[in-house]
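Note sheet for the following structure.
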Amino acid sequence: MKLLSACLLFHLLVTSSAIKWLAVGRQNGPLRRSDCRRLKRETIFTKDQSRMCTENADIIPVLKHSSETVIKSCKTLFGRNRWNCSSIEKLPKLSRDLTIGSKEQAFVHAFSTASLIQIIAQACASGSISSCSCGTPIRKRKELEPDKRARDAMSTENRHAFIGCGHNLRFATKFARNFADVPWDKRLRKTTRRPTKNLRLNKRSLTNLHNNRVGRQVANKLVQEKCRCHGTSGSCTAKSCWRIVPSLEKIGKHIQVLYGESIQVRAKFNKKKEKRVLIKVTNPFKKAPINKNVKPDQLVFYTISPDYCKADERFETPGTTGRTCEEVGDGSCESLCCGRGYTTESIKVVERCDCKYYWCCYIKCSKCTKLIEVHQCR
Ligand SMILES: *[C@@H]1O[C@H](CO)[C@@H](O)[C@H](O)[C@H]1NC(C)=O
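Taken in order, the sequence shown gives residues -18 to -1, 1 to 360; the numbers are from mature numbering (1 follows the signal peptide of the UniProt record, and there is no 0).
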């Protein structure tokens, strides 16, 4: 009984919030500021997230857009893997693969934080968030700034047209850090007080915060510079440069590489820092590396993921039975079906074919039936 209630308490603590805000993307219709409080009641936002949502009048549509794109891109990036990101569609219900400290959880944390930065930075530049505007231009020492007085005299609009409008990384990074980190920051503070009973929650907070930081770093690292010349007839005597965040696709691919290279960690009390920190788990059969510190661009996990082959209640994963697979290449049946084999079915599809253009102005096609083979994992 004692064990059961302890388990229950733990369950409540760990499921009370997290990346649940990603469920905003599945809300129907446009969202307004008044929805910020409702989303808290529905446990999609934490109390602090709901406050931030209310304080920034027009952030809610941006949050929605951000979570929609995260869900879509994650499914595309992992569509051919055994773990295909389908669990983030169940949010705000958290399935275990996203709470046990897996590398999939690490990916989702880093990617959703990076996406917040990407989308907010852009939204600031396009004028859809009133509390932020263009990012500050990059100042180059040799560059001739347009005459300051003339620039100040220009209206904001003209100024944007003249010097351009960079993505506002500073605002976006700050917002993303506050918004995504706040639930974990709080828990970290609670569980850092000694003696704490909840070492697991402490480790989980450290891990999620670290992976969120990786996401912020990636978004900022991949930033590109864009310059515009404004001299007489393209002479480029004056130039202004500003920062542009890359596409979410590019960010996602980069974080997916980090996911592949992610490392296992454990939390250890560091006497000097007087707190627990994450350190690399070392292989007892190999010579221990000298440096066990985690690098700031390494995604970290503390639970080794299941292989996601079979339906597994412990991890709440559905397994790959019934998944469509390809004979060769990415998403190959061999890997996706985990050696269980697959069924092949020929399916008739009707296509338009032999299209001819008739002058003027229409196209006439015939209908052809084609047989295609569909493979499905057993
Ligand atoms: C992802 O995997 C789940 C479980 O195996 C499956 O139900 C779903 O159809 C898959 N999604 C895609 C897009 O393949």
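Glycine is no exception: its CB is placed at the ideal position from the N, C-alpha and C atoms.
Which listed residue (the options) has its alpha carbon closest to that of residue i
i: glutamine 100; options: Leu170, Ile272, Glu231, Gly11; result: Glu231
i: valine 90; options: Cys320, Arg198, Glu316, Arg322; result: Arg198
i: lysine 168; options: Asn252, Gly109, Ser187, Ser55; result: Ser187
i: glutamate 37; options: Thr95, Thr51, Cys114; result: Cys114
i: aspartate 279; options: His236, Thr299, Cys342; result: His236
i: threonine 25; options: Leu4, Val276, Asn10; result: Leu4
i: serine 55; options: Tyr324, Cys342, Gly234; result: Gly234
i: threonine 264; options: Lys255, Gly11, Ala249, Arg258; result: Ala249
i: isoleucine 102; options: Val310, Arg152, Val356; result: Arg152
i: lysine 274; options: Leu260, Phe267, Ile286; result: Leu260
i: alanine 92; options: Leu353, His192, Phe157, Ser16; result: His192
i: threonine 219; options: Arg225, Ile226, Arg210; result: Arg210
i: lysine 2; options: Arg62, Pro43, Ala162; result: Ala162
i: asparagine 194; options: Phe283, Lys352, Lys208, His212; result: Phe283
i: lysine 75; options: Leu13, Lys269, Arg8, Arg334; result: Arg8
i: glutamate 333; options: Leu353, Glu316, Ser314; result: Leu353
i: cysteine 147; options: Glu86, Phe267, Trp224, Thr214; result: Trp224
i: glycine 11; options: Val247, Pro43, Glu309; result: Pro43
CB-CB length for residue i against residue j, believed under 8 Å
i: proline 228; j: leucine 204; result: 5 Å
i: cysteine 106; j: histidine 149; result: 7 Å
i: aspartate 79; j: serine 69; result: 5 Å
i: serine 97; j: threonine 51; result: 6 Å
i: lysine 338; j: threonine 351; result: 19 Å between Cβ atoms; not a contact.
i: asparagine 180; j: threonine 173; result: 5 Å
i: glutamate 15; j: glycine 313; result: Note that residue 15 is arginine in the sequence shown here, rather than glutamate. With a Cβ gap of about 42 Å, arginine 15 and glycine 313 do not count as contacting.
i: cysteine 342; j: threonine 302; result: At roughly 52 Å, the Cβ-Cβ gap does not stay under 8 Å, so cysteine 342 and threonine 302 are not in contact.
Exposed unless 16 or more other CB atoms sit within 10 angstroms - verdict on residue i
i: serine 328; result: exposed
i: arginine 64; result: buried
i: aspartate 17; result: buried
i: serine 244; result: buried
i: cysteine 335; result: exposed
Sequence-distant residues of its chain with Cβ nearer than 7 Å to residue i (five each side left out)
i: isoleucine 41; result: Cys35, Ile111
Secondary structure of residue i, DSSP reduced to three states
i: arginine 171; result: helix
i: glutamate 242; result: As written in the sequence, residue 242 is glycine, which differs from the glutamate given in the question. Three-state result, glycine 242: helix.
i: histidine 236; result: helix
i: serine 97; result: helix
i: arginine 123; result: Residue confidence is low: arginine 123 scores 43 on pLDDT, short of 50, so the model does not pin down where it sits. Its coordinate-derived value is still stated next. Three-state result, arginine 123: coil.
i: isoleucine 345; result: strand
i: isoleucine 226; result: strand
i: isoleucine 102; result: helix
i: threonine 81; result: coil
i: histidine 357; result: strand
Residues near residue i in its chain [Cβ-Cβ closer than 6 Å; skip 5 each side]
i: phenylalanine 60; result: Asn66, Cys67
i: leucine 21; result: Phe27
i: phenylalanine 297; result: Arg78, Asp79, Pro288
Spatial neighbours of residue i in its chain, beta-carbon cut-off 8 Å, leaving aside the 5 residues before and after
i: tyrosine 340; result: Lys346
i: tyrosine 344; result: none
i: asparagine 252; result: Arg258, Val259
i: leucine 170; result: Asn184, Ser187, Leu188, Leu191
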